[in-house]
Each structure stands twice: as C-alpha cells, then as structure tokens.
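Here the structure is laid out as structure tokens; the discussion comes afterwards.
Protein chains in written order, with full-length UniProt numbering: chain Y, 1 to 391; chain F, 1 to 391.
Following this line, the structure appears as structure tokens:
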C-alpha cells in the first residue's frame, strides 16, 4: 500500500508538472499529512526536488513546489525500424536527454546482427546518460511486429523477416527490466500520454491510432487502456480487406489496406522505386512541390485508408482517429480523402453525433514509437518506487 | 459494503447453482461465519431456500444446499423486433417461467401503437407471473437500434423507422426500473452469461458476437465486458464496407455488409420477395431441401460476412466469433464460407495461433436478445438486494 501511494505521488507529479504538497494531496485524494510523509521519503531518496516559492500559497510551507528529479533513474527507449535504429534516454520528468539514430538496413537482416548494432548504440547512450547523472531503470524496445504475451519474443515481423525471435534475451542486461512492444501500440500510448489529442467532450481517451512504417498498424485505446485482444494481436488495420478481390498481399489475403496505402504502394504509385532509404519523406517533398502523380498517389492511399477506418469506426466507435507515424507528415493531402470516406460510410454510427468522428494528425509523427518506448520505461519505473529507492 | 456482500452471495448462487454455505464462502472469499450471517438475512427475506442434504458434508450443517428462490422477485425481458414482439419472465434462478410472442408489423409503425401492444403483452405476462408467485423487479427492452446513454431513448432504429424515441417514458411503470438496450448487445450478453461459448485457453471472454434481424449488428465483448465505444455505438458490423463501390446502402454508404448479407438481400438472392413474415426461416427451409438458389444465396452472404469479420478479427483479435440471432439457423451453410474468408484474410493476426479464430453458431439463436433482456433485468435485481429485501 505504501509503495502504491509513493507511486501515486510520483505519477501525479509526472502528469501534472510542479505541484505543491497540497495540490498533490488533492490530486490523489490523501490527507496533506500522509502526502508529506510520502514526499519526505521521496525527497530523501532523491526522486523529488523542491523549488519555490511558487504561485500557490494555500496550506503549509506556502509556494514550495515539488517536481521529479532530472537526475538519477531514467527510462531508455529503443526502436527497431525497417531501415533505422534509434535510442532515446528520458528522465523522470519526461524530457528527452540523449537521442541517437542510425540508418541501417534491418529488412531481412539476421536479428543477431541488428541487435549487435543496437547494443552498441545503447551502450553509448548509457554512457552519455551517466555523464548527465542518469542511470537507466528500464529499457523498452519498439518493434514493427507481433509480440508475444511475454513482452520479450517477436512472434512475427514480416517487414523485418523475423519469426519467433526472443529479443529480451539478446539485449544488454544492465539497463534494467526489458520490455518488447509493438511499435503501433507504443505510438498510441505516446499519443495517450501526451494528452494533446483530447477533444472536449468526446470520449477523450477512446481513439484509434494509425501508424505506418512499411506496414500499416493501428492501436485501439478504450478509456485510456490499450485493447490488446485475446492474443495480444489487436490493431492489424493493414490487413483489413478494402477491395476483397484486389491485389494479392504478402499475408496471403487479397486487397488488404497495406497493398493500397502501405509505404511501398504509395511510393510506386508516386513513381518512386521502393528501396533502402527511399521512404515517405520523398513523397511528402513531391506533394509539397505540387507534383500531380505524388498527389494522386496520396489521395488514393487516403481513400483506401478511409475505407478501412470506416470499418474501424463502425465497429469500435472511437471519439477520435489519430494518424501518426510517417503518415502524419502527409496529413495535408491524406486527411481530406480519409475524412470524405468516413463521412460517407459511418452515417449510422454517427446518428447520435452532430459531426463525423474527428480525424487529426499526431504532432508526434514518426517520433511516436520511440518516445512511447522511453515513456513506457519511465512509467514502469514510477510504478515501482521501491526499486528506485533501493528498498 | 453489506449490500455488496449480499449481492455477491446472490450472484454466486445465480452462477453456480445450488451451493453449500462453505462453497459460497470459498467462492466469494469471505469467512464461513460472515457468509452464514448474510445467508440468514437472505433466507429471512425469502430470496434463498434451503435444500438438503446434498453430496458435500465438509463443514457445519453437512449437505444443506442453498439456492435462489423460484418465487418472489423476477426479471422481465421484452423484445421489439421488426415484425414481432416478445415478452419473457425469468425467475432469479434464470429459468424462463412465462413467455409470449406476437407477430406484428412494427416496421414503420408509430412507436405509440407498437408500445400499446407491448404494454398489453406485459400486463398479461405480469398477471401470469403473479399467479406463479412472482413479482417483477425490473424490465429490460431489446430494440434493433442505437440507444442513448440514458438507456431510455432510441436514437435511431432505421429498420423500425424510429428516431429519438423515449421508450422508457412510454412503458408501464409497475414492473420496476426500465432499461432499454440494443438487441445485438443483449444477444452478446446472453451468450456471455450462458457460458457455453468458452473454448479452453483462448481468451474465453473476448469474442465478437454477430446477430441479425433485418440489419446485421455485432457486439464486442472484451474480457467479459461489453465494449460500447465512445458514444455507445460500437458494433456496427452491418455497415463495414465489403465492396467499397458496390451497391448503395440505406445508410448513404456503398457496399456495406448489410447490402450483401442482410436479411432482405439474402431473401432476394434466394428468389424470395421480402415482406412481413417472410424471414430467414424460409431460406433455411430451402437450404434444408437442397435448393441450389437458396444455397448460393447463403454462400454469398457467408463470403460477405467473412470479409467483414476478417476486418473485425484483424482489428479486435477475439478469442472466438459467435454467430447468433436468425443467422445461427443458417450455420450449416453460412459458416463454411465465413471460415474460408477468415482463413484467407487473418493470417497475420493468426501468426501466433495454431488455427484461425474459431467460429461457432450460438445455441441461443434468435432467442438471444429476449433471454439476454430478461437476464439483464434479473442481474440488475441481484445487484441491489436492498430493493428485493424491502430495506
């Protein structure tokens, strides 16, 4: 119970920025006295610092504001992309302190080779973190594939060519507990935790989050919780059939969304040959330059995405649809056809609403999964203050 | 707290049949002494009866079994279908004690007229219940449409032609609290509560339930809870686009599942003219007789349903798909094409499983929504034992 209350104080400060003791007490529903005892323990353990005086002066030492430390424990996030690796160190306040990325060709590379490179990047990042007075308290790795319930094994990552790969066992042990998680899920959690997505009065924590690297993934967040499904594989938007007898898909099906709106499909439709390093950025540039073929390619992808999302909206009734990942940068051209299809195809589900479901582009864009991974590690650390206090 | 513990005893007996005091105590995690006090109060209030001796004889009065009364409070369920009305009285044990149905033409009838007929049926059923020593403790009404969060107003029921109709205000007040609920949701809850759907080891309480009267609805049950979505409109499977530029749908979209697998579409494809009283039963008979046109119609509907369900399975990752309502009777001909499409189109989501998601027909079939409504009323009564005990 004490650990739980310590954790609640930490989360209140992580979510609400600097707060007075009284404000923390109000936030978590404990007495001022109880909160003071908890805060003293956290101050002694170096997890909090005091700053003051602040604006408020209601109760006790007026104006002294508490905030999480920017030294000591930190979370480490890593991202294994199809043609890049990235690492990021985040302090308990949620600020990114170290960040590195490297273009590598991971598609169809042996996992051991990719992990060797990642291991080097993690060591370097941990070294930089140490120089800043930070020590890793956990590592979360974002992967473009299905992850088993053990949060360690990649069951299948078709765009990497990986199959039943135990990632956790192959990662360095010195960074704290390791969690492996699907990148679309982490992108959605980053969105949830960043809180900018909340539109007033419309099921603020119930949304569909779409992301894309080569494949297209989605995550369903229902009342602030990620819906993982019976086996942990929910959110496979990329394989919704949008033209049932259309193009064959690598999954064995036909006419899946990915065959129309996946990165390779969009590149080809825009007249670009997919290959290492040739990504959606090239299409974005051509759209910005007003090139007709690229604009048409993105419009077509948007229509296909809108058809698939109509299915998701009819089934799941989200308060919002958020387009994240690389697709977010195409928003000016992608979103109008998405909205048009949703308006045509979700009329019944919209009966009780004044307007169709809002569709927005995530400001996090392609950073979502990496930031989500680091934040996941930070939040896991705040969940277990005993570990951070050495008790 | 006491009310909550009384309720837990009642639910343990509702779910687990006759149990000894010791078994109840083990089930709900209270001491034998605490349970005995609660049981005594429920016995005095007439909500439980004793029967004995049973097989067990471990502790205390050996073998005395407790069960819920089959007299006293009962739940009333009602169903407003497109061309029928039905009423059912269920005792606390879950046994149906009174049941009536009437063929009526509710499609495009004024709500007041339909409710007048229903009111007469409810009065007659309450009279029969009284003769059995039962008194209604709540009424739940199943409707084929979207229901507002107030559980009273039908926002839109296109197949009835109703729009923003406050049903609760127009129903009789003498049957206890009134709840209005979507029929697909109640069908799914009936399935959940009947517990026969549970396959060993595969997310037993996470499933998609499909039902059909004229339209096609679905409900998503996640870990034993109905997913209602941000506005309460989740589960609109009937308007998933299965052929994006296909037939126009009454919703304003194109190629919705309902235009291929809705009852009217199946009837027409089978060579039958839809109309009052002409329902799927006629198609079932023709399939049983081996008539080629009917068989083809059902196969085509199954393929369309399989495409839409592939979307639902890819997105939601259920442990099972259950086909309920009138469609359940077509299972021998409908399920093979449904399974074929799911096998083709859900390969990625199936990566971690040995087999595709199981698809079964509900044994409840068209009875699901009515039984679900009555059971909903019974469970609501068991949630509030104070009302039943007159305290």
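C-beta: ideal position from N, C-alpha, C; glycine also.
{"Query": "Residues bridged to residue 147/Y (per DSSP)", "Result": "154/Y"}
{"Query": "Beta-carbon proximity of residue 5/F to residue 42/F, cut-off 8 Å", "Result": "no"}
{"Query": "C-alpha gap between residue 221/F and residue 335/F, whole angstroms", "Result": "21 Å"}
{"Query": "Residue 285/F versus residue 370/Y: straight-line alpha-carbon distance, rounded", "Result": "58 Å"}
{"Query": "Beta-carbon spacing of residue 241/F, residue 311/Y below 8 Å", "Result": "yes"}
{"Query": "Expected contact under 8 Å - CB spacing of residue 183/F and residue 144/F to nearest Å", "Result": "5 Å"}
{"Query": "Three-state class that DSSP yields for residue 225/F in the structure shown", "Result": "strand"}
{"Query": "Residues near residue 287/F in its chain [Cβ-Cβ closer than 8 Å; skip 5 each side]", "Result": "294, 295, 298, 330, 332, 333"}
{"Query": "Where residue 317/Y meets chain F, residues with beta-carbon distance less than 9 Å", "Result": "227, 228, 229, 230, 231, 232, 233, 234, 235, 236"}
{"Query": "Straight-line Cα distance separating residue 11/F from residue 3/F", "Result": "12 Å"}
{"Query": "Residues that residue 254/F bridges to, as DSSP identifies them", "Result": "248/F"}
{"Query": "Whole-angstrom C-beta distance between residue 125/F and residue 87/F, which should lie under 8 Å", "Result": "5 Å"}
{"Query": "CB contact check: residue 252/Y to chain F, cutoff 8 Å", "Result": "yes"}
{"Query": "Cβ-Cβ separation, residue 377/Y to residue 229/Y (assumed contact under 8 Å), whole Å", "Result": "With a Cβ gap of about 23 Å, residue 229/Y and residue 377/Y do not count as contacting."}
{"Query": "Anticipated Cβ contact below 8 Å, residue 35/F with residue 9/F, distance rounded", "Result": "7 Å"}
{"Query": "Proximity test, Cβ basis, 8 Å: residue 376/F and chain Y", "Result": "no"}
{"Query": "Listed by chain order, chain F residues near residue 302/Y by CB distance under 7 Å", "Result": "Near residue 302/Y there are no residues of chain F at all, since even the closest Cβ is about 13 Å away, more than 7 Å."}
{"Query": "Euclidean distance between Cα positions of residue 198/F and residue 136/Y", "Result": "In this prediction, residue 198/F has a pLDDT of 44, which is less than 50 and means its spatial position is unreliable; what the coordinates show is noted afterwards. Between residue 198/F and residue 136/Y, the C-alpha separation is close to 43 Å."}
{"Query": "Minimum Cβ-Cβ distance from residue 314/F to chain Y less than 8 Å", "Result": "yes"}
{"Query": "Beta-bridge pairing of residue 72/Y - partner residues as DSSP gives them", "Result": "134/Y"}
{"Query": "Status (buried if at least 16 other CB within 10 Å, exposed otherwise) for residue 258/F", "Result": "buried"}
{"Query": "Proximity of residue 28/F and residue 210/F at Cβ, strictly below 8 Å", "Result": "no"}
{"Query": "Proximity below 8 Å, CB of residue 122/Y to CB of residue 76/Y", "Result": "yes"}
{"Query": "Members of the stretch 242-271 of chain F that neighbour chain B once the beta carbon cut-off is set at 8 Å", "Result": "Protein chains Y and F are contained in the structure displayed, whereas chain B is not."}
{"Query": "Residue 321/Y versus residue 112/F: straight-line alpha-carbon distance, rounded", "Result": "39 Å"}
{"Query": "Contact set for residue 201/Y: own chain, Cβ-Cβ below 6 Å, skip 5 residues either direction", "Result": "Since pLDDT at residue 201/Y reaches only 37, below the 50 mark, its modelled position is unreliable, and the value read off the structure follows with that caveat. None."}
{"Query": "Residue 203/F burial status per 10 Å Cβ neighbour count (16 or more: buried)", "Result": "Because residue 203/F sits at a pLDDT of 42, beneath the cut-off of 50, its placement in the model cannot be relied upon, and the point is left open."}
{"Query": "Cβ pair count under 8 Å reaching 3, the stretch 162-173 of chain F against the stretch 340-348 of chain F", "Result": "no"}
{"Query": "Residue-chain proximity (residue 160/Y, chain F), Cβ-Cβ < 8 Å", "Result": "no"}
{"Query": "6 Å CB neighbourhood of residue 159/F in its chain, flanking five on each side removed", "Result": "82, 144, 214, 215"}
{"Query": "Residue 191/Y beta carbon less than 8 Å from that of residue 142/Y", "Result": "no"}
{"Query": "Residue 267/Y beta carbon less than 8 Å from that of residue 45/Y", "Result": "no"}
{"Query": "Closer than 8 Å to chain F by CB, residue 344/Y", "Result": "yes"}
{"Query": "Range of the contiguous alpha helix (DSSP H) that encloses residue 300/F", "Result": "292-316"}
{"Query": "Per-residue contacts from residue 324/F into chain Y (C-beta, under 8 Å)", "Result": "Correct list: empty, because the minimum Cβ distance to chain Y is about 17 Å."}
{"Query": "Residue environment, residue 318/F, which counts as buried when at least 16 other CB atoms sit within 10 Å", "Result": "buried"}
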